[in-house]
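One structure is given below, encoded as structure tokens.
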Amino acid sequence: MTDRNDAVSPHSTAEYRALDAAHHIHPFSDMGALNRAGSRVIVKADGVYLWDSDGNKVIDGMAGLWCVNVGYGRKELAD
1 MTDRNDAVSP
11 HSTAEYRALD
21 AAHHIHPFSD
31 MGALNRAGSR
41 VIVKADGVYL
51 WDSDGNKVID
61 GMAGLWCVNV
71 GYGRKELAD
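FYI, our numbering numbers position 35 of the sequence shown as 35, with every residue one higher than the one before it.
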């Protein structure tokens, strides 16, 4: 199986934030804070955790609202 991440060309956090600002709506965000700081760019996921491009580790508490809440990187479920 091919790793899908191999096909993604790397961009800087600033480039991803610019793309996000141009093409994505954030309906649940504080727009003032979003405009000041820019969006959070997620670079890694494992289990219930996400890591952003600033190195912060956070729990993905919103995933269950729109996705199946089984976590990331669960190879036993993919098999």
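Even glycine gets a Cβ: it sits at the ideal position worked out from N, Cα and C. For clarity, every value in this text was computed on a predicted model and none was experimentally measured.
query: Distance between Gly71 and Lys44 (C-alpha atoms, nearest Å); result: 12 Å
query: Through-space distance from Ala37 to Asn56, alpha-carbon basis; result: 15 Å
query: For Asp46, the three-state DSSP class (helix, strand or coil); result: strand
query: Residue environment, Leu50, which counts as buried when at least 16 other CB atoms sit within 10 Å; result: buried
query: Rounded C-alpha distance that separates Asp54 from Thr13; result: 9 Å
query: Beta-carbon spacing of Val41, Ile59 below 8 Å; result: no
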